[in-house]
Amino acid sequence: MTDVQVRTTTTLEVGGMGHSVKRKEDPRFIRGKGEYIDDLNLPGQLWMDIVRSPYAHAKILGIDASEALKIPGVLAVVTGADLEKAGLHWMPTLAGDKQMVLPTHTVMYQAQEVAAVVATDRYIAADGVAAVLVDYEPLPVIVDPKKALEPGAQVLRPDRGPEKANNHIWHWESGDRAAADAALAKADVRVAEDIYIPRIHVASIETCGCIADWDAVNGHLTLHMTSQAPHAIRTVLALVSGLPEHKIRVKTHDIGGGFGGKVPVYPGYVLAVVASLTTGKPVKWIEDRSENLQADSFARDYHIHAELGATKEGRITSLKVKTIADHGYTDAAADPSKFPAGLFNVITGSYDFPDAFVEVDGVYTNKPPGGVAYRCSFRVTEAVHAIERMVDILAHEIGKDPAQLRMENFIQPEQFPYKTPTGWEYDSGNYPVALRKAMDMIGYEDLRREQAEKRARGELMGIGISSFTEIVGAGPSHTFDILGIKMFDSCEIRVHPTGKVMARIGVQTQGQGHETTFAQIIAEELGFPVADIAIEYGDTDTAPYGLGTYASRSTPVAGAATAIAARKIRDKARLLAAHLLEANPDDLEWGSGAFSVKGSPDKKKTIQEIAFAAYTNHPQGMEAGLEAVDYYDPPNLTFPFGSYICVVDIDRGTGQVKVRRFVAVDDCGNIINPMIVDGQIHGGLTMGFAPALYEEIAYDELGNNLNGTFMDYLLPTAVETPAWETGKTITPSPHHPIGAKGVGESATVGAPPAIANAVVDALWHLGVRNIDIPMTPQKVWRILNEKGVAL
Amino acid sequence: MIPPRFDYARPASLDEALQLLASREGEAKVLAGGFSLLPLMKYRLAQPGLLVDIGRVAGLDAIEEVDGELRIGARATHGAIAGHPLVAARYPLIREAAGGIGDPQIRNWGTIGGSCAHADPASDWPAVIQALRGSFVCRSLGRERVVAARGFFLDVFTTGIEPTEVLTQVRVPRPGPRSGGAYVKLERRTGDFATVGVAAQVQLGADGRIAEVGLGLTAVADAPFAAGDAEDALRGALPTAEKFREAGLAAARQARPTEDRHGPVDYKLTMVRVMTERALRLATERAQANG
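In the order they appear, the protein sequences are chains E and L. Here the first sequence is numbered in our numbering, starting from 67 and rising by one per residue. Here the second sequence is numbered in our numbering, starting from 484 and rising by one per residue.
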């Protein structure tokens, strides 16, 4: 079917909004000229490697580094005791908890950092690690957060003091408990389910790492690293180390995947800084794959209990959700301060009903800290999975087609802006159109007929829908901050005399194509060709302060700052043009990259001519130059949405689930670059498909990580990944300067429940209500076997 | 993932390699493609003192038919085997197995000899060579012996090969008309080690009955093995679904899987039965088409 036309107002050469401009960053990636952190080596550089705990919970009785220090080339072994002398053994997390840089007494999870070895060579550093002898006394391990909450459970974090002698971190709630209870009590139909969203890992192909470079002469620290939020890292480093913030420069390079995992400050960064401060030399630290999978911040790990109330016709009336959030031994999430469970209360989803109540309790366990927002806009993946599963369960329970039930419960287009029972104001949406489009693309009614025929023959085929609402673009300063820093973002534009442009942004690209899309925003607003616009980011010495790229906030926040900064430049350009044309500024009109006198289109000055005049011929009384900066404080978040439909076939012999087709209709408001949006959707769908069927970090009862390599942490390959079929609708954000909403995470958020719903749909007639992801062959086979349909 | 210090030698001849192995018996390991050994070394699970790289030794990667058998040089890569015209023409089981090992990178580096000598219970070749009733040629200084594949694989990472020997060749008898083979494996995702792999080689008689059959099982015991009880059940029988199921159940009774991330024991045993049935069905169809 034909897709909606993306509107453009510029020529392809200018390349403003709506053009599929080829990515400016790709030539260097395609030719192997990208520069990732491990490509960088500094003169005189040393290497650091980390001794890690084999136990999930143990007392450290002693650390003997004497054999390691005998190895030629091993220069130092840093322990928690060393850090304690400088007060550096603990550091704050972005969630306001605290985390050990190195333990002084107790290790809290398997693979936790125990000591750092600094050596002249990467290989010698590893030999040093192997030679450090640590004497552990294993302690009882708590893996299950429900057990952590039981009365009498051992207290994992005695450092919190006697008044917090338990493993409960925080309680957070949203909505009206009494109203939700009352509505549920009155409901004709109530469906309840326990839904577990497992621990998963971002598994970026580039692991974390840095080079800390302390310049003792100038008292200046440069930290080269792979981070999604360089400014936040700089501020945390200043707070932790006591170094003055203007003497710290954080510099990122090309990033081989972030997905939320490169927002936090990891102990390794601090240790590399300590090592450089101690040795006076640059110190490089690069994690290996298993360290990355075992120790870096995980995502998800939500134990959700949800109950949905409805009329007997299937009109939803109420939702109540109680969730336990397993954070590991410290809350190292990077959620906004007022939102310890992220934006999980967007869980009312795409549906119009009056009463909802959501509560979440954070809990400590002997697992790695987290949980970061893995491409999920702050716990929105969890919320969408729960509501989309519940809606499907309700539909099946009352015998109504899941598509029909959704249509009957959707918030209608005319209801926007829509206030949800948990307090969000959805900016815009058209849910019925998106779902109908997805149904048409996949041939929904035909598939239902096929399913009925196959079921009569004993074949297992399922169809699953997910009609999700995303919430991105944190966020308005009245509500959103991290460690007190408001979640604005920024852009600074400088137009050079010859009409070339340099723009610096506070967000950090990690594959999203900012060098292209932010140039397109400026091209749209000012008419400079994209080729003439360079985008810079990731150097805290030069880029304006910003909170970084995660939670799909770059376009909603920094993209808006870029448009506004460009408009400030256009305002000044108008005055310059008026001067050049000897006209009243109000008599000028803007179009096609030029100001012209109304009614006399031949009397005009192009933006390039105006730029030159800004430095050569500006009027008396006006500042020279053509520059602007904007720090954008969004008035609201943006709410992208979409409808996904998935078809699966289940092998009754092996329990394998095959995704036969997957249609994704996305609406992210106005589109800057359709090709890049498509790329984001394809990548996001794959990252939603993966945890639905493959990915999971599991632990045994001793807290051993069972998925510490890519042999067992199963990233899907291109072979099993479905051929995505994408479509779009366009519903602009009414409050965003360019009507855009953000798209980086929609598909990751929306895809898993479509797949889960399809698998359960294939098995519902056998009495299956829910299967937790990942729906592995062994798990599905177990169900088939129990239901007596395994071959 | 940094290996400890080790010595490295790259001899130009097989005799030189054998001398090195003999001179540092017990601490020297042969390096071929390295795709199994090097990861173990990087995790410091294997710490050989000397790696003898046979990459420069001439004549170890030939693929040819001699005296009614296929002879595959130990250093032939999975990819070279999968793409070889002789293999494509007459050895569907070998072709299918070779083409399904790991990913293209692994197939372009990993070797059949390295894989068999390494004897990871989840590697594909041992079951295939046993199903085909093949053999291995092992050379040491001044001695060459041919060892049957059945009985060669003793335990996890343990074979009948001596520390001073190099596995130089894999030999497989040439199948005749009315034969067909198949390798089916259940993997969690493409390129994964098998949860269960089943190699089946079926020889039909003129009467349509199963004259001879070979069944090799991957990843469901400490060492890949030939499912002799299942073979006995099939020999002389008509190739029916019921018979295949009976054979699958017999194969499962011989399997000794352990629980791991691939699944619990009961699941794996059921998968032995299911995959055995599928391998036999496919191999039989190929045999019937190979008039």
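In this text, a Cβ means the ideal position worked out from N, Cα and C, and glycines have one as well.
Limits of the alpha helix (DSSP H) - the one that residue i falls within
{"i": "E:Leu887", "result": "Because chain E is modelled from 67 through 857, residue 887 of chain E falls outside the range shown and cannot be assessed."}
{"i": "E:Lys164", "result": "No alpha helix (DSSP H) holds E:Lys164; the beta strand (DSSP E) holding it covers Lys164 to Met166."}
{"i": "E:Ser356", "result": "Arg355 to Ala361"}
{"i": "E:His645", "result": "Ala626 to Leu647"}
{"i": "E:Ser812", "result": "Ser812 to Leu829"}
{"i": "E:Lys872", "result": "Outside the displayed range of chain E (67 to 857) lies residue 872 of chain E, so it cannot be described from this structure."}
{"i": "E:Asp193", "result": "Arg188 to Ala197"}
Per DSSP, the bridge partner or partners of residue i
{"i": "L:Cys621", "result": "L:Arg628 and L:Leu650"}
{"i": "E:Lys350", "result": "E:Trp113 and E:Ile277"}
{"i": "E:His286", "result": "E:Asp281"}
{"i": "L:Pro656", "result": "L:Glu552"}
{"i": "E:Phe74", "result": "The question names Phe, yet the displayed sequence has Thr at residue 74 of chain E. E:Thr74 is not bridged to any residue."}
{"i": "L:Glu742", "result": "L:Glu742 pairs with nothing; no bridge assigned."}
Cβ shell of residue i (< 7 Å), same chain only, five flanking positions each side left out
{"i": "E:Lys671", "result": "Ala643, Leu646, Leu647, Ala660 and Phe661"}
{"i": "E:Ile601", "result": "Ala569, Ile571, His580, Glu581, Phe584 and Ala585"}
{"i": "E:Leu466", "result": "The residue asked about is misnamed: residue 466 of chain E is Lys in this sequence, not Leu. So the qualifying residues of the chain are Gly380."}
{"i": "E:Tyr368", "result": "Ile263, Thr389, Ala391 and Glu448"}
{"i": "L:Ser784", "result": "With chain L covering 484 to 774 only, the question about residue 784 of chain L has no answer from this structure."}
{"i": "E:Ala828", "result": "Leu526, Met527, Gly528, Val714 and Ile716"}
Interface flag, residue i vs chain L, CB-CB below 9 Å
{"i": "E:Val200", "result": "no"}
{"i": "E:Glu786", "result": "yes"}
{"i": "E:Thr186", "result": "no"}
{"i": "E:Asn773", "result": "yes"}
{"i": "E:Gln111", "result": "no"}
{"i": "E:Met157", "result": "no"}
{"i": "E:Gly100", "result": "no"}
{"i": "E:Trp847", "result": "yes"}
{"i": "E:Met67", "result": "Bear in mind that a pLDDT of 46 at E:Met67, under 50, signals an unreliable position, so the number given afterwards is only what the model happens to contain. With 9 Å as the cut-off, E:Met67 does not count as an interface residue toward chain L."}
{"i": "E:Ser356", "result": "yes"}
{"i": "E:Ser204", "result": "Just to set this straight, residue 204 of chain E is Pro in the shown sequence, not Ser. No, E:Pro204 lies away from the interface with chain L (no Cβ there is under 9 Å from its Cβ)."}
{"i": "E:Tyr262", "result": "no"}
{"i": "E:Asp778", "result": "yes"}
{"i": "E:Thr783", "result": "yes"}
Continuous beta strand (DSSP E) stretch holding residue i: start and end
{"i": "E:Asp130", "result": "Ala124 to Asp130"}
{"i": "E:Asp367", "result": "Phe364 to Ala376"}
{"i": "E:Tyr710", "result": "Phe707 to Ile716"}
{"i": "E:Ile266", "result": "Val255 to Ile266"}
{"i": "E:His234", "result": "His234 to Gly241"}
{"i": "E:Phe444", "result": "Counting along the chain, E:Phe444 falls outside any beta strand (DSSP E), and DSSP gives it neither H nor E."}
Closer than 9 Å to chain E by CB, residue i
{"i": "L:Met754", "result": "yes"}
{"i": "L:Val757", "result": "yes"}
{"i": "L:Pro531", "result": "no"}
{"i": "L:Pro604", "result": "no"}
{"i": "L:Arg590", "result": "no"}
{"i": "L:Glu725", "result": "no"}
{"i": "L:Arg488", "result": "yes"}
{"i": "L:Met461", "result": "Lying before the first or after the last residue shown, residue 461 of chain L is absent from chain L, which here runs from 484 to 774."}
{"i": "L:Asp586", "result": "yes"}
Proximal residues to residue i (C-beta, below 6 Å), its chain only, five neighbours per side dropped
{"i": "E:Pro685", "result": "His645"}
{"i": "E:Pro224", "result": "none"}
{"i": "L:Met831", "result": "Absent from the structure is residue 831 of chain L, since the part of chain L shown begins at 484 and ends at 774."}
{"i": "L:Ala772", "result": "none"}
{"i": "L:Pro722", "result": "Ile693 and Thr767"}
Own chain partners of residue i with C-beta closer than 8 Å, once the 5 adjacent residues on each side are dropped
{"i": "E:Ser494", "result": "Phe482, Pro483, Phe705, Gly735, Thr797, Pro798, Ser799 and Pro800"}
**Prompt:** In the region 662-681 of chain L, which residues sit with their C-beta less than 8 Å from some C-beta in chain E, listed in chain order?
**Reply:** Leu669, Arg671, Arg672, Thr673, Gly674, Asp675, Phe676 and Thr678
**Message:** Along the region 735-746 of chain L, where does the CB come closer than 7 Å to a CB of chain E? Name the residues.
**Reply:** Arg744 and Gly746
**Message:** Any C-beta of chain L within less than 8 Å: which residues of the region 319-353 of chain E qualify?
**Reply:** none
**Message:** Short of 8 Å Cβ to Cβ, which residues in the region 822-845 of chain E face chain L?
**Reply:** Thr842, Pro843 and Gln844
**Asked** What are the residues of the region 697-720 of chain E that lie near chain L, defined by any Cβ-Cβ distance shorter than 7 Å?
**Response** Gly719 and Thr720
**Request:** Using a Cβ-Cβ cut-off of less than 7 Å, list which residues of the region 737-748 of chain E approach chain L; keep chain order.
**Result:** Here the close residues number zero.
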